[in-house]
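Counting from 406, one number per residue, gives the positions in the sequence shown under the working numbering. Here's the structure, in structure tokens; my notes come after.
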Amino acid sequence: MKNKYASHIVLSRSAYWHNIQFIRKLIGKDVELSLVVKGNAYGHGIRYLVPLAEEAGIRHFCVFSADEALMVKAEIRFNSEILIMGMLTDDQLVWAIQEEIQFYVFNKERLHKCIELAKKINKPAHVHIEIETGMNRTGFSMEALPDVMELMKSHPNELRWEGVCTHFAGAESIANYYRIQQQKKIFKKAIQFLKNNGVNPGRIHAACSAAAIRYPESIADMARIGILQYGFFPSREVLIDYLTRKKIQESPLKRIISWRSQVMTTKYVKRGEFIGYGNAYFTDSETRIAVVPVGYSLGYSRSLSNHGRVLIKGRFAPVIGLVNMNMMSVDVTHIDGVENGDEVVLIGRQGEQEISVSSFSDFSDQVNYELLTRLPSKIPRIVVD
Numbered sequence: 406m407k408n409k410y411a412s413h414i415v416l417s418r419s420a421y422w423h424n425i426q427f428i429r430k431l432i433g434k435d436v437e438l439s440l441v442v443k444g445n446a447y448g449h450g451i452r453y454l455v456p457l458a459e460e461a462g463i464r465h466f467c468v469f470s471a472d473e474a475l476m477v478k479a480e481i482r483f484n485s486e487i488l489i490m491g492m493l494t495d496d497q498l499v500w501a502i503q504e505e506i507q508f509y510v511f512n513k514e515r516l517h518k519c520i521e522l523a524k525k526i527n528k529p530a531h532v533h534i535e536i537e538t539g540m541n542r543t544g545f546s547m548e549a550l551p552d553v554m555e556l557m558k559s560h561p562n563e564l565r566w567e568g569v570c571t572h573f574a575g576a577e578s579i580a581n582y583y584r585i586q587q588q589k590k591i592f593k594k595a596i597q598f599l600k601n602n603g604v605n606p607g608r609i610h611a612a613c614s615a616a617a618i619r620y621p622e623s624i625a626d627m628a629r630i631g632i633l634q635y636g637f638f639p640s641r642e643v644l645i646d647y648l649t650r651k652k653i654q655e656s657p658l659k660r661i662i663s664w665r666s667q668v669m670t671t672k673y674v675k676r677g678e679f680i681g682y683g684n685a686y687f688t689d690s691e692t693r694i695a696v697v698p699v700g701y702s703l704g705y706s707r708s709l710s711n712h713g714r715v716l717i718k719g720r721f722a723p724v725i726g727l728v729n730m731n732m733m734s735v736d737v738t739h740i741d742g743v744e745n746g747d748e749v750v751l752i753g754r755q756g757e758q759e760i761s762v763s764s765f766s767d768f769s770d771q772v773n774y775e776l777l778t779r780l781p782s783k784i785p786r787i788v789v790d
């Protein structure tokens, strides 16, 4: 059986490498680039993105949790480093220490547990100390920093200081400008405190994709870049800001993802009939529909019912009726010669037309991040040049 799936995702190697070169130029040649591949590489697929990234020279990856770290570890072919930014149970901490996986420490409980486990394993924990600067989520406050510093200093065999970091609260929005400025001040104060006390904090990192563009002064020893590598700006505000400053008209990034299916069947529906479940769509003339074997179980949001559109034969075909679990209907009355097996593009380009991820977002109230990470891992990914 050549193709047993209802749809597939195509990833472009050349587009991805283009984006990596853009990012390197953006952050500077002396800054380490760590690629954020949490959320199954923002829906693109960890098992596909990590090899592409290593081919492009990347040697550091950020994930959220131990299961994602394990997935990355299974794919790396070089001596690449892995950094867990979020969830770790005590059992997972043991594994991380044994495997020399780096991870955030953002409370004293985890710090003490690291000391205890590192002594038992007889290997140091590779930690990045996270500073709370105003995100109010995770991280040590300035008040807690002296105690953290003393613990780190007094346990050099158990704790290896790999870095100090923070995360900006909404750098993608101009409305957060004042808040980000305050965060930068607090982080700078924390770093200065450590250095004044003779501490080498390792790699200093705060900049994400949005901060790297809007607050380049926040780029330190390492930048944690997520959405940019996939060809998307963090928000329309950030894109407009960049285009304005650079005096250019189009995004310098290239989308690496396209999502494709095929026509399952076609049929004519008489005027005065409902299509699909309920009464969401009523025909006011004879209508030819094409049924596409993709629904909300495959990440095509139900909120796109009567709003979404696909490409068939290079022309837009609107979704009509409710998006079902496994299929949806599109209107092809205006498209000549549609047949079973014809390619259907849900995201990407066909002929002269394109359906962007942002067009999904406009109709479904999902941000790019949400829509991409909701693409199920069971959809096969194909890497093309």
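No residue lacks a Cβ here, since even glycine has one placed at the ideal position from N, Cα and C. Every value quoted in this text rests on a predicted model; they were computed, and no experiment measured them.
Can you look up residue i in the DSSP assignment and give me helix, strand or coil?
i, result
"Gly-448", "coil"
"Ser-640", "coil"
"Leu-599", "helix"
"Val-510", "strand"
"Phe-483", "coil"
"Ser-666", "strand"
"Phe-592", "helix"
"Val-788", "strand"
"Gln-758", "strand"
"Arg-707", "helix"
"Ile-414", "strand"
"Ile-630", "strand"
"Arg-714", "strand"
"Arg-542", "coil"
"Arg-608", "strand"
"Tyr-453", "helix"
"Val-743", "coil"
"Ile-653", "coil"
"Asn-729", "coil"
"Arg-699", "In the sequence under discussion, the amino acid at residue 699 is Val, which differs from the Arg named in the question. In the structure shown, Val-699 sits in coil (DSSP, three-state: anything other than H, G, I, E or B)."
"Tyr-620", "coil"
"Lys-478", "helix"
Apart from the five residues just before and just after residue i, which ones in its own chain have a Cβ nearer than 6 Å to its Cβ?
i, result
"Arg-608", "Gly-568, Asp-626, Met-627"
"Leu-780", "Gly-448, Gly-704"
"Gly-631", "Val-441, Ser-614"
"Ile-618", "Val-643, Tyr-647"
"Ala-446", "Leu-454"
"Ile-727", "This sequence places Leu at residue 727; Ile is not what is there. Cβ within range, chain order: Gly-681, Tyr-682, Ala-685, Ser-710."
"Met-406", "Unreliable positioning characterises Met-406 in this predicted model, as indicated by a pLDDT of 42, which lies under 50. A coordinate reading is not provided."
"Ser-640", "Glu-577"
By Cβ distance below 7 Å, which residues in the same chain neighbour residue i in space, the five residues on each side in sequence not counted?
i, result
"Ser-702", "Met-730, Asn-731"
"Asp-790", "Arg-418, Ser-419"
"Met-557", "Leu-564, Trp-566"
"Asp-736", "Thr-692, Ile-694, Ala-722, Pro-723, Ile-725"
"Phe-687", "Phe-679"
Taking its Cβ as the centre, do 16 or more other Cβ atoms sit within 10 Å of residue i, making it buried, or is it exposed?
i, result
"Thr-571", "buried"
"Asp-741", "exposed"
"Thr-670", "exposed"
"Glu-622", "exposed"
"Asn-773", "buried"
"Gln-755", "buried"
"Ile-432", "buried"
"Ala-580", "exposed"
"Arg-786", "buried"
"Gln-634", "buried"
"Ile-760", "buried"
"Thr-649", "exposed"
"Ser-439", "buried"
What are the boundary residues of the alpha helix (DSSP H) that includes residue i?
i, result
"Ile-520", "513 to 526"
"Leu-550", "550 to 559"
"Arg-429", "418 to 432"
Who are residue i's beta bridge partners in DSSP?
i, result
"Ile-694", "Lys-672, Asp-736"
"Cys-613", "None; Cys-613 has no bridge partner."
"His-465", "Glu-486"
"Phe-679", "Phe-687"
Output needed for residue i: all residues of its chain with C-beta closer than 8 Å, excluding positions within five of it in sequence on either side, in chain order.
i, result
"Arg-482", "Pro-456, Glu-459"
"Cys-519", "Leu-498, Ile-502, Val-510, Ala-530, Val-532, Glu-563, Leu-564"
"Lys-478", "Ile-487, Glu-504, Ile-506"
"Lys-600", "Pro-606"
"Leu-550", "Ile-536, Ala-595, Phe-598, Leu-599"
Just curious, the beta strand (DSSP E) that residue i is in, first and last residue?
i, result
"Lys-755", "A small fix is needed here, since residue 755 is Gln in this sequence, not Lys. First-last of the beta strand (DSSP E) with Gln-755: 748 to 755."
"Glu-486", "486 to 489"
"Arg-779", "From DSSP, Arg-779 is part of no beta strand (DSSP E); its letter is neither H nor E."
"His-531", "530 to 535"
"Arg-720", "720 to 725"
"Ala-501", "First-last for Ala-501: 495 to 503, but that is the alpha helix (DSSP H), not the beta strand (DSSP E)."
"Glu-437", "437 to 441"
"Gly-568", "564 to 570"
Does any C-beta atom of chain B lie closer than 7 Å to the C-beta of residue i?
i, result
"Glu-514", "Of the chains in the structure shown, none is chain B; there is only one protein chain."
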